[in-house]
Amino acid sequence: MSVADIVSRCEQMYEDLDFSYARKWKAAQAGRKVVGFLPVYVPLEMIHAAGCLPLGIFGGGDSMEVIHGDAYYQSYICRIPRSTIELGVTKRLDFVDGMLFPFVCDVIRNLSGMWKIMFPNVWTKFFDTPQNFDPAIGGTYYVQELQELREGLEHLTGRKISDDDIRRSTRLYNENRNLVRQVYALRAKEPWKCPTSEVYVLMRAGLMMDVEEHNQMLKDYMAAASAEDRPKRDNVRIAIFGSFCEQPPLNLIKSIEMAGCYVVDDDYAVVNRFLTVDVPTDGNPLEALALTYCTHSVETSCKYVPVEEDKGKFHIAAVKASGAEGVIYATPSFCDPALLDRPMVCHRLSDAGIPYIAFKYAENSGQMQPIREQAGTFADSIKLWS
Amino acid sequence: MSKPEAVKEASMEMQKAMIARNYDAITSKNETGRKVSSTFVPGNLNELLMCFDIVNNLPEINAIQAGMRKASGNYIMEAEKSGHSEDVCTYVKCDIGQMSKGNIAPNGKPYPNPDVLMLSYTGCYTFMKWFELLREEYKCPTLMLHVPYEGDGHSTKNMRDYIVKQLKDVVIPGLEQVSGVKFDIDRLRQYLRASAKAEDDLVWCLEQGKKKPSPIDAYFGGVYYIGPIFTAFRGTEDAVEYYKMLRQEVQSRVDNKQGPLTPEGTYFNDQKYRLIVEGPPNWTNFREFWKMFYDEGAVVVASSYTKVGGLYDQGFRHDPENPLESLADYCLGCYTNLNLPTRVDLLAKYVEEYEADGLLINSIKSCNSFSAGQLMIMKEVERRTGKPGAFIETDLVDPRYFSAANVKNRLESYFQMIEQKRQGAHRAA
Ligand code: SF4
Ligand code: SF4
């Protein structure tokens, strides 16, 4: 398959707010269930082990008109909850049997309760992850939370989930995480071959499809992209942080590239990179997930950083590893986690001599000119001073 | 023209003196050698801190104080100038801006650096980053107590065990280290006993809102009533005394069929509208805001803000027999740690039990924890109770978001709506 074929398929899925793929997947076999999840992180292998399709819900993007959703939120709340409600009340999610609202911030947290009231027939769960990362404390708590998630899923599907089911799914998701990392590494190495506008939709589509299919797709994409002969431009290399929850419109992602920036690392829809190593597939599978979460997950604004000296270390390491020359801290408007974190992370970047700029966006931002100008000026200044 | 001083009852004077003593204890730490912690109101572990002779400083309260003194606007702008977003909670920016402006306490002396940041992380995401921001500044030990959110509408054994474990393995050893004082569980029990006693009296006072006329205002007056128990005094004999005194004052108003005392010194007896209020108040224009209510004859008979530091009226008491477990239950049960359906249940119950005319929401721009979902709360409570709701928007300590004309307009139309509803009901009868 060519790059163009793969990317066009992903784009179609990414744009499809009727979620045809998931609807078809569900209809293909009696008794199948779909479980939606919001950003930032849920253990997808648990949903998969239950025989369900995990479906990433990342708001409504820039193509959907929000009519009802605005009646639920004041003007000073970010956009993703209102467009998610819009998806719900316009029945675009009427086939979804369960919804997981992970811990990100108080907005998504409260949305979980709204969902319970609005859609009482949907199994709705707030999914908490620990902020204490000591395996004996936070880990023990998390194992039990995973057990409750397991029981909830069992109740939804009417079938038991064995340890082996979880191990099998974990293996598939380990493979997925590995392949995702490889795509990211390839992009960092030769960003002109894997533009972020492609990598992004490839990842977003992956969060809506069967994991095995996505694994194959990632392999196909890497093979096709490596083989293509694309010109290398005189772009600067930058990393994007702050975009882990509400997503920027694809146009914004493209605009940054068009302004002369190769994006070599990012935290867009970070769920498939949340765990940074393989989850062990021997022993107790819930303990394995918990331990990996506690010891090997990304630093992102929805997590506490227990040690002052560690703050921002993750970002600096990511910049170094990807060879980025600067950082764009791009956050959704009204996003408490990203905006409260921004000064701290940016201080650390400064201390490490890494140039950065910051701006805000909304998932339906339409005006790209200012972003292009800002990113372009940033790129020029890096070229000039580096 | 300067504003006349607010008329205060004896309990208010007592509270003022308690707060002043606490500020003195904080600012004199270098002379006395006492250790100071910074911590948050919801889920605060005051009794536990007292076991280590640690003085409790609450940045949220300092922001409120700055708001009431009209100093917060400058602090917030200062923080925004230094790179903090206009979108985030103004308590945080007020605190940070105050630091850069010399960090002067209400007693005129500079706040000393805290010895420990006690991050009891209950019911609000912002807490976590707020203390990361302070830690960056103060470089002092930070003890995180993660309190899980009651997403399914109840706490679980797992949540409770997790909190107790953190108390035993992280918080208590951390406080021992900071203070050099060995933990004594019997001392904790003794404080918890005092807490429960004060909590009984507080609940009695809050429940008097059911009377007609209501002898209390459970929002504007309520913020005074909850002061000691939500802050640095829960577990002290001072708090026990304060609530005894408060109870006597309320009792005397009940006996005389009087309403609460307004800041102007008159008893607010002519109560036309009985309201339940959801959300924190605005502090920069607190008296002006309050006046808009009593001028129109509206009294608040119950509020959710007076539950951010514990739902004592729903039966919770600190329990000396199960000290750590009871601290865990306390943290879990603070109002903003409850899920949305539970908040709706509680507010609808208040509308019924307090025979209110409806629910008024003061939506705070700063506070996603409270605000995200409030429009739905209003609709649900309206639907369940058949009583009209209303929605106003202000901020905590950012004066730029208090539009007196706007708020007044909305309140007036709300009261008209209540009138119409009454007349409709009257005609139907
Ligand atoms: S965009 Fe930010 S504030 Fe909005 S739901 Fe996501 S994490 Fe929360
Ligand atoms: S967001 Fe709300 S609960 Fe949290 S610190 Fe600010 S005002 Fe308090």
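So the protein sequences, as listed, match chains A and S.
Under the working numbering, think of the first position of the first sequence as 50, with each following residue one higher.
Under the working numbering, think of the first position of the second sequence as 741, with each following residue one higher.
Ideal Cβ positions, reconstructed from N, Cα and C, are used throughout, including at glycine.
Please read all numbers here as calculations on a predicted model, not as lab measurements.
Beta-carbon contacts of residue i that lie in its chain and below 7 Å, excluding the five residues immediately before and after
{"i": "residue 980 of chain S", "result": "934, 937 and 938"}
{"i": "residue 328 of chain A", "result": "219, 223, 337, 338 and 341"}
{"i": "residue 349 of chain A", "result": "89, 293, 316 and 319"}
{"i": "residue 61 of chain A", "result": "none"}
{"i": "residue 696 of chain S", "result": "The requested residue 696 of chain S is not part of the displayed model; chain S covers only 741 to 1169."}
{"i": "residue 367 of chain A", "result": "288 and 314"}
Beta carbon of residue i nearer than 8 Å to that of residue j
{"i": "residue 954 of chain S", "j": "residue 1011 of chain S", "result": "yes"}
{"i": "residue 1125 of chain S", "j": "residue 1092 of chain S", "result": "yes"}
{"i": "residue 783 of chain S", "j": "residue 1109 of chain S", "result": "no"}
{"i": "residue 63 of chain A", "j": "residue 229 of chain A", "result": "no"}
{"i": "residue 1115 of chain S", "j": "residue 908 of chain S", "result": "no"}
{"i": "residue 770 of chain S", "j": "residue 852 of chain S", "result": "yes"}
{"i": "residue 1073 of chain S", "j": "residue 1087 of chain S", "result": "no"}
{"i": "residue 154 of chain A", "j": "residue 386 of chain A", "result": "yes"}
{"i": "residue 1150 of chain S", "j": "residue 1130 of chain S", "result": "yes"}
{"i": "residue 184 of chain A", "j": "residue 343 of chain A", "result": "yes"}
{"i": "residue 205 of chain A", "j": "residue 172 of chain A", "result": "yes"}
{"i": "residue 999 of chain S", "j": "residue 932 of chain S", "result": "no"}
{"i": "residue 903 of chain S", "j": "residue 1068 of chain S", "result": "yes"}
{"i": "residue 807 of chain S", "j": "residue 1023 of chain S", "result": "yes"}
{"i": "residue 959 of chain S", "j": "residue 1017 of chain S", "result": "yes"}
Cβ shell of residue i (< 8 Å), same chain only, five flanking positions each side left out
{"i": "residue 425 of chain A", "result": "308 and 309"}
{"i": "residue 240 of chain A", "result": "284, 286, 311, 312 and 313"}
{"i": "residue 264 of chain A", "result": "221, 224, 225 and 228"}
{"i": "residue 261 of chain A", "result": "221"}
Residue burial classification, residue i (beta-carbon count within 10 angstroms, cutoff 16)
{"i": "residue 1123 of chain S", "result": "exposed"}
{"i": "residue 419 of chain A", "result": "exposed"}
{"i": "residue 1006 of chain S", "result": "exposed"}
{"i": "residue 67 of chain A", "result": "exposed"}
{"i": "residue 325 of chain A", "result": "exposed"}
{"i": "residue 356 of chain A", "result": "exposed"}
{"i": "residue 75 of chain A", "result": "buried"}
{"i": "residue 1153 of chain S", "result": "exposed"}
{"i": "residue 131 of chain A", "result": "buried"}
{"i": "residue 995 of chain S", "result": "exposed"}
{"i": "residue 967 of chain S", "result": "buried"}
{"i": "residue 1061 of chain S", "result": "exposed"}
{"i": "residue 772 of chain S", "result": "exposed"}
Inter-residue spacing [alpha-carbon to alpha-carbon] between residue i and residue j
{"i": "residue 287 of chain A", "j": "residue 1137 of chain S", "result": "38 Å"}
{"i": "residue 189 of chain A", "j": "residue 870 of chain S", "result": "27 Å"}
{"i": "residue 276 of chain A", "j": "residue 56 of chain A", "result": "15 Å"}
{"i": "residue 925 of chain S", "j": "residue 887 of chain S", "result": "21 Å"}
{"i": "residue 1039 of chain S", "j": "residue 1027 of chain S", "result": "14 Å"}
{"i": "residue 1142 of chain S", "j": "residue 855 of chain S", "result": "35 Å"}
{"i": "residue 108 of chain A", "j": "residue 809 of chain S", "result": "42 Å"}
{"i": "residue 201 of chain A", "j": "residue 181 of chain A", "result": "24 Å"}
{"i": "residue 919 of chain S", "j": "residue 794 of chain S", "result": "7 Å"}
{"i": "residue 382 of chain A", "j": "residue 865 of chain S", "result": "17 Å"}
{"i": "residue 811 of chain S", "j": "residue 801 of chain S", "result": "13 Å"}
{"i": "residue 140 of chain A", "j": "residue 95 of chain A", "result": "26 Å"}
{"i": "residue 741 of chain S", "j": "residue 120 of chain A", "result": "The pLDDT assigned to residue 741 of chain S is 41, lower than 50, so where the model puts this residue is not dependable, and the model offers no usable value."}
{"i": "residue 831 of chain S", "j": "residue 837 of chain S", "result": "10 Å"}
{"i": "residue 111 of chain A", "j": "residue 946 of chain S", "result": "48 Å"}
{"i": "residue 273 of chain A", "j": "residue 305 of chain A", "result": "24 Å"}
{"i": "residue 760 of chain S", "j": "residue 847 of chain S", "result": "7 Å"}
{"i": "residue 826 of chain S", "j": "residue 407 of chain A", "result": "14 Å"}
{"i": "residue 300 of chain A", "j": "residue 144 of chain A", "result": "29 Å"}
{"i": "residue 1070 of chain S", "j": "residue 1095 of chain S", "result": "28 Å"}
{"i": "residue 203 of chain A", "j": "residue 894 of chain S", "result": "21 Å"}
6 Å Cβ shell around residue i - same chain, five flanking residues per side excluded
{"i": "residue 1057 of chain S", "result": "936 and 939"}
{"i": "residue 799 of chain S", "result": "778 and 835"}
{"i": "residue 1111 of chain S", "result": "1103 and 1104"}
{"i": "residue 216 of chain A", "result": "330 and 334"}
Anticipated Cβ contact below 8 Å, residue i with residue j, distance rounded
{"i": "residue 970 of chain S", "j": "residue 1049 of chain S", "result": "3 Å"}
{"i": "residue 87 of chain A", "j": "residue 151 of chain A", "result": "6 Å"}
Around ligand 4, which residues pass a check of Cβ closer than 7 Å to any of its heavy atoms? You won't find ligand 4 in this model; what it holds is ligand 1 and ligand 2.
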